[in-house]
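Asks:
There are 4 protein chains.
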Amino acid sequence: MKRIKKLICLGGDERRKYIADRLNESGIYTELTAQSEDLTGFDGIILPLPVSADRKNINGTDISLSEFCEKVDESKIIFAGKADENSKNILLSRGITFFDYYLRPEFASKNSIPTAQGVLQFVLNNTDTTLNNLNIVVIGYGNCGKALCRLFKSTGADVVSVSRKYISLADAESEGIKAVQVKDITKILPFADVVINTVPATILKRQVIDSIKDEALIADISSFPYGFDYSYAEKCGRKIHLLPSLPGKYFPRTAGSIIADTIKNIIEEEGL
Amino acid sequence: MKRIKKLICLGGDERRKYIADRLNESGIYTELTAQSEDLTGFDGIILPLPVSADRKNINGTDISLSEFCEKVDESKIIFAGKADENSKNILLSRGITFFDYYLRPEFASKNSIPTAQGVLQFVLNNTDTTLNNLNIVVIGYGNCGKALCRLFKSTGADVVSVSRKYISLADAESEGIKAVQVKDITKILPFADVVINTVPATILKRQVIDSIKDEALIADISSFPYGFDYSYAEKCGRKIHLLPSLPGKYFPRTAGSIIADTIKNIIEEEGL
Amino acid sequence: MKRIKKLICLGGDERRKYIADRLNESGIYTELTAQSEDLTGFDGIILPLPVSADRKNINGTDISLSEFCEKVDESKIIFAGKADENSKNILLSRGITFFDYYLRPEFASKNSIPTAQGVLQFVLNNTDTTLNNLNIVVIGYGNCGKALCRLFKSTGADVVSVSRKYISLADAESEGIKAVQVKDITKILPFADVVINTVPATILKRQVIDSIKDEALIADISSFPYGFDYSYAEKCGRKIHLLPSLPGKYFPRTAGSIIADTIKNIIEEEGL
Amino acid sequence: MKRIKKLICLGGDERRKYIADRLNESGIYTELTAQSEDLTGFDGIILPLPVSADRKNINGTDISLSEFCEKVDESKIIFAGKADENSKNILLSRGITFFDYYLRPEFASKNSIPTAQGVLQFVLNNTDTTLNNLNIVVIGYGNCGKALCRLFKSTGADVVSVSRKYISLADAESEGIKAVQVKDITKILPFADVVINTVPATILKRQVIDSIKDEALIADISSFPYGFDYSYAEKCGRKIHLLPSLPGKYFPRTAGSIIADTIKNIIEEEGL
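Protein chains in written order, with the working numbering: chain A, 1 to 272; chain B, 1 to 272; chain C, 1 to 272; chain D, 1 to 272.
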């Protein structure tokens, strides 16, 4: 039997409205607030993604996480996105039941779609050439790498996937995508019009950067520590576009719905 | 044996650089100018698309078409794009050999790609929802209608093609695209998130406009007299985005190459 | 107001059952027969595709067309498929209202799908290699050529379209299909694993046949006079698979529905 | 430095020729044999997939695995496919270095393509309807489930993926494929024209079988213990097509190349 009947979204960005809309549509009454005073009377609280950008206040509010925890009683269930160690420790130390929706594999899978479409939008806005005439190299074949390869291939671009593992190379080929081992990356980069990194590991150093032609568009959608050697890139005047948080910025409605759907999965799976 | 060895592009927009690049790559020496003084020594002259926007001066220059014709001797071959009746008459009355590359069917076919991708860019820049969650209605199934249906379908959108003729409906279905007879358009428009007209005939009147939901994005890429009843739309405060000349604005490199390739086809076909 | 309420299918192959099923579903009462005695009481008669295979009897019956015409009164409306000159003359000389559904452009468009899928079935049954590892050359870019290129490309095959006209080459490229001018066909055929002709004109002569590698699979789905120089092929022991009438043989249900839908279009368009 | 320069394929089916061809092309000299006498002078031996079908003799030979092990000295490296417990124990007890190429994840990924295309061939050969008019339900979303969904969707079929885990449902949706939780399977099966199981667990029992319409085509490509309750199916006269070993049967060239490529990966990764 479901306990959770009323939820409240505390803080967050443009997505919060759509999180609430989607949950309300599913029959889970959900409100929005930016005030810690408003939390009573709710079975659970949705914290934003990321919970905190400054490692102090809850995103989109001027409430610190510690302050929040003091006001929350243990009966509440907390849903939070991408909780850093500090946030996690504060929540857990209070004995609060807490689920990180960002860590759910189905969230990562679904969120790769607005990410990839955000990159598509970025590329279209920054090129004088149609997609079918572009050679696009995508580095990494995780959720986002896959989504990017599929999306750009479907628009007619010539896509090459670069990855390290045999299974990633095989999976790419099984989808009809050209796959190149990362050790051969400098052989193909000179032909790339667009280079997109998805791997959060600084593997793209001097020699790799040098192999990319001057007029190519370079983007990095990975997270810290990012893929390129940025100090080298800066030194030699190469512009690399760091594109974080694409889903929330470009497609808040879809991104909010994905968060809501993931929370619904947690509720169902955990019998909350 | 080819006569045409040297061409010059007079006027035009950003595309002219790429027209020249592509022709130079093909071994046809091509220069750019905005001066009618520079035309001697060339076998042919490329006029822009459209030849004239103000029905007086050649686009991108302050040379009138009449003035131009006086300076051009009959041995020159003229390639022009979308010559209006007036321009055509002036050129023909001088006995100048003249080809309109805009009228070539392969030009229309190829140019539909940058057009469709321009619409894609417009939609991405004006929606908070990913393409795979959008219902898109495309009105008309000519070159641009086909290209739009294919492109949006390939990105995962739910696409419905609206057209009048049995053959257009059949062609759309043969490509796996849902097809609806134009007489049934008001049955499907209430479900559309994006409506794109490609038909240059004012068939989309009051009742059709009223059937589109308020939050839908409406675009018209047709040419005069356009598809919607704009006076009604304005009266009831419906925003319809008129999107002319997408290839040149959004993808000048590709659009220039397409013009160059079409000129090459004319040269080859006519044995110039 | 519709006059046609009851139809009867005379003769035909496996498709006739599905023609009747589809028309019955649409509210047009339809029966099957092989007897000319049964035709009274019906508003119209559906003759098979082709009307006559032996240029004498109606396909699937032992009734000659002349005999049939004698028994049919002028009030009946006849729907026939691919009526040869002789059949047409007999029908018209009797003053019978007659429509050839095979000549409708939407029929040709829709029928290209079962044709292409029949070729897919043939290729799968005759190769030891998966489609994604095959180089497939499709000659001609009419309805069937287009459908073949799309279908094989969608399965991952490497497809090259060969055609003559600039517009066909442009249309293929606009769909993301590699296009080669027919004059260059012998440059690409040596790399083909599968060659499929769709053009009913004997343009593929000695030199073309010689350029195809020995182990390639060759098919001709065109109609008389067919595409290859068969006497040369036979002389040098090249097997060319002539594949006529694929829709009726491989997908009678779909093929029958397409005939029924075309007849419905005629009824609607002509106000029958 | 590579030790392996010469390999020999012992036994096997039609694929063995293509395994050898591919390895020879890669510069690893490879021979075929069915005799245990021929094994000297080779650095490694390739055993077939599966090693043994009768749990006694090596597939395609009349040599028992024990007999084989006696003749093989420990310096040889053995590559085998799908070694059962018994075969594995025999090989390991002899101290022979042994790699099972069937267990490599990239093998499973690549082999899903000939599997899926084999099912495509089977469906085409057993239907009177074109793919674009078929509703196809694919049960399971592992390598084969994914490949089937993609392939059938690309041909225009209406595909529904059925799986259990949230991540599988999300992955399917991320590829644009309709996804249904297995608990809801009986809601969608009544609409299926084709049902394909890929899950090797008898989850498809009486109620599930009863929900499939009589004229639907049912296939099971899973391995033991298979997906359907076969005794119930038999009792009520439902034909379920068990389709094992599709790659080797339908596409031996591709299937052989995949084995060869996997062996090359093992050699490279293990520095053999």
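In this text, a Cβ means the ideal position worked out from N, Cα and C, and glycines have one as well.
(1) Less than 8 Å between CB atoms is the rule here; does B/P247 satisfy it with respect to chain C?
(2) Within 8 Å, do at least three Cβ pairs link the region 246 to 254 of chain D to the region 15 to 27 of chain D?
(3) Using three-state DSSP, classify A/V137 as helix, strand or coil.
(4) Looking only at C-alpha atoms, which of A/L151, A/S231, A/D193, A/F107 sits nearest to A/K213?
(5) Kindly provide the ranges of any alpha helix (DSSP H) runs that are 4 or more residues long and lie completely inside the region 220 to 258 of chain A, ordered along the chain.
(6) Identify whether C/N59 lies in helix, strand or coil by the three-state DSSP scheme.
(7) Where A/K76 and D/I96 are concerned, what is the direct C-alpha to C-alpha distance, given to the nearest angstrom?
(8) Closest Cβ-Cβ distance between B/N132 and chain D: below 8 Å?
(9) If we ignore side chains and look at the alpha-carbon of each, how far apart do B/V138 and D/Q207 end up?
(10) Verify the CB distance criterion: does A/G156 have a CB-CB separation below 8 Å to chain C?
(11) When you check each C-beta in the region 214 to 234 of chain B against every C-beta of chain C, which residues fall closer than 7 Å?
(12) Applying a beta-carbon distance threshold of less than 8 Å, which residues of chain C neighbour D/N125?
(13) Is it buried or exposed, A/N111, if we count other Cβ atoms within 10 angstroms and call 16 or more buried?
(14) For A/A34, does the three-state DSSP call read helix, strand or coil?
(15) Between the C-alpha atoms of B/S93 and B/P200, what's the straight-line distance to the nearest angstrom?
(16) From D/L148 to A/N143, what distance separates their C-alpha atoms?
(17) Is it right to say D/F224 is buried, meaning 16 or more other beta carbons lie within 10 angstroms of its own, or is it exposed?
(18) Taking 8 Å as the CB-CB limit, is A/D128 close to chain B?
(19) The beta strand (DSSP E) with C/G44 in it runs from where to where?
(20) In whole angstroms, what separates the C-alpha of D/D261 from that of A/E175?
(21) Does any residue of chain B have a CB that is nearer than 8 Å to the CB of C/Y166?
(22) Buried or exposed: where does D/I266 fall if 16 or more other Cβ atoms within 10 Å of its Cβ makes it buried?
(23) What are the start and end residues of each continuous beta strand (DSSP E) run of 3 or more residues lying completely inside the region 161 to 204 of chain B, in chain order?
(24) State the beta-bridge partners of D/A53 as determined by DSSP.
(25) Mind checking whether A/L49 and A/I259 have CB atoms under 8 Å apart?
(26) Excluding the five sequence neighbours on either side, which residues of its own chain have a C-beta within less than 8 Å of the C-beta of A/E67, listed in chain order?
(27) So, at 6 Å on beta carbons, what are the nonlocal neighbours of B/V180 in its own chain, with the 5 sequence-adjacent residues on each side left out?
(28) Would the region 235 to 244 of chain C count as touching the region 110 to 126 of chain D if we require 3 or more Cβ pairs under 8 Å?
(29) Would you check if the distance between the CB atom of B/L131 and the CB atom of B/G156 is smaller than 8 Å?
(30) If you run the structure through DSSP and keep just helix, strand and coil, what is C/S66?
(31) Taking B/R253 as the query, report the chain A residues whose CB atoms sit under 7 Å from its CB, ordered along the chain.
(32) Do you know how far the Cα of C/L32 is from the Cα of D/A216?
(33) Which class does B/A147 belong to by DSSP, given the choice of helix, strand or coil?
(34) Helix, strand or coil for A/E268? Go by DSSP, reduced to three states.
(35) Taking all protein chains shown into account, decide if D/S87 is buried (16 or more other Cβ within 10 angstroms of its Cβ) or exposed.
(36) Taking the continuous beta strand (DSSP E) assigned at B/D21, which residues delimit it?
Replies: Quick look at the numbers:
(1) By one-based count along the second sequence, residue 247 of chain B stands at place 247. So no, B/P247 is outside the interface.
(2) yes
(3) For this step, residue 137 of chain A is matched to residue 137 along the first sequence. The answer is strand: DSSP assigns A/V137 an E or B state.
(4) On the first sequence, position 213 is the one that residue 213 of chain A refers to. It is A/D193.
(5) 230 to 235, 246 to 250
(6) By one-based count along the third sequence, residue 59 of chain C stands at place 59. C/N59 falls in the coil class under three-state DSSP.
(7) Residue 76 of chain A sits at position 76 when you count from the first residue of the first sequence. Residue 96 of chain D sits at position 96 when you count from the first residue of the fourth sequence. Looking at the two C-alpha atoms, the distance is approximately 59 Å.
(8) By one-based count along the second sequence, residue 132 of chain B stands at place 132. For B/N132, the answer is yes, since a Cβ of chain D falls inside 8 Å of its Cβ.
(9) On the second sequence, position 138 is the one that residue 138 of chain B refers to. On the fourth sequence, position 207 is the one that residue 207 of chain D refers to. C-alpha separation (whole angstroms): 43 Å.
(10) By one-based count along the first sequence, residue 156 of chain A stands at place 156. Yes - at least one Cβ of chain C is within 8 Å of the one on A/G156.
(11) none
(12) Looking up residue 125 of chain D in the fourth sequence gives position 125. Per Cβ cutoff of 8 Å: Q121, N125.
(13) Walking along the first sequence from the start, residue 111 of chain A turns up at place 111. A/N111 is buried by the Cβ-count criterion.
(14) Against the first sequence, residue 34 of chain A aligns to sequence position 34. Coil at A/A34, not helix or strand.
(15) For the purposes of this step, residue 93 of chain B is identified with residue 93 of the second sequence, where counting begins at 1. For the purposes of this step, residue 200 of chain B is identified with residue 200 of the second sequence, where counting begins at 1. Distance between the alpha carbons of B/S93 and B/P200 is about 30 Å.
(16) On the fourth sequence, position 148 is the one that residue 148 of chain D refers to. On the first sequence, position 143 is the one that residue 143 of chain A refers to. When rounded, the distance between both Cα atoms is 20 Å.
(17) Counting from one through the fourth sequence, the residue named residue 224 of chain D turns up at place 224. Answer is exposed; the Cβ neighbour count stays below 16.
(18) Looking up residue 128 of chain A in the first sequence gives position 128. At least one chain B Cβ lies under 8 Å of A/D128.
(19) Start at 1 with the first residue of the third sequence, and residue 44 of chain C comes out as number 44. 44 to 46 is the extent of the beta strand (DSSP E) around C/G44.
(20) Within the fourth sequence, the letter at position 261 stands for residue 261 of chain D. Within the first sequence, the letter at position 175 stands for residue 175 of chain A. Each residue's Cα considered, the two are about 17 Å apart.
(21) Against the third sequence, residue 166 of chain C aligns to sequence position 166. With 8 Å as the cut-off, C/Y166 counts as an interface residue toward chain B.
(22) As a working note, residue 266 of chain D is residue 266 in the fourth sequence. Per the 10 Å Cβ criterion, buried.
(23) 178 to 181, 194 to 197
(24) Numbered from its first residue, the fourth sequence carries residue 53 of chain D at position 53. Paired residue(s): none; D/A53 is not in a bridge.
(25) Counted from its first residue, the first sequence places residue 49 of chain A at position 49. Counted from its first residue, the first sequence places residue 259 of chain A at position 259. Yes, they are a contact pair.
(26) By 1-based counting over the first sequence, the position of residue 67 of chain A is 67. So the qualifying residues of the chain are S36.
(27) Taking the second sequence and counting its residues from 1, one reaches residue 180 of chain B at position 180. Within the same chain, B/V180 has close Cβ partners V160, V162, I188.
(28) no
(29) Numbered from 1 along the second sequence, position 131 holds the residue referred to as residue 131 of chain B. Numbered from 1 along the second sequence, position 156 holds the residue referred to as residue 156 of chain B. Contact flag set, yes.
(30) Here residue 66 of chain C refers to the residue found at position 66 when the third sequence is read from its first residue. Looking at C/S66 - three-state DSSP - the assignment turns out to be helix.
(31) For this step, residue 253 of chain B is matched to residue 253 along the second sequence. Correct list: D128, T129.
(32) Counting from 1 along the fourth sequence, the entry for residue 216 of chain D is found at position 216. Counting from 1 along the third sequence, the entry for residue 32 of chain C is found at position 32. Spanning the two alpha carbons is a distance of roughly 25 Å.
(33) Along the second sequence, read from residue 1 onward, the residue named residue 147 of chain B stands at position 147. Three-state DSSP puts B/A147 in a helix.
(34) One-based indexing of the first sequence puts residue 268 of chain A at position 268. Helix, per DSSP.
(35) By one-based count along the fourth sequence, residue 87 of chain D stands at place 87. With 16 or more other Cβ atoms within 10 Å, it is buried.
(36) Taking the first residue of the second sequence as 1, we reach residue 21 of chain B at position 21. Looking at the DSSP string, B/D21 is not in any beta strand (DSSP E); the run it does join, the alpha helix (DSSP H), is 15 to 25.
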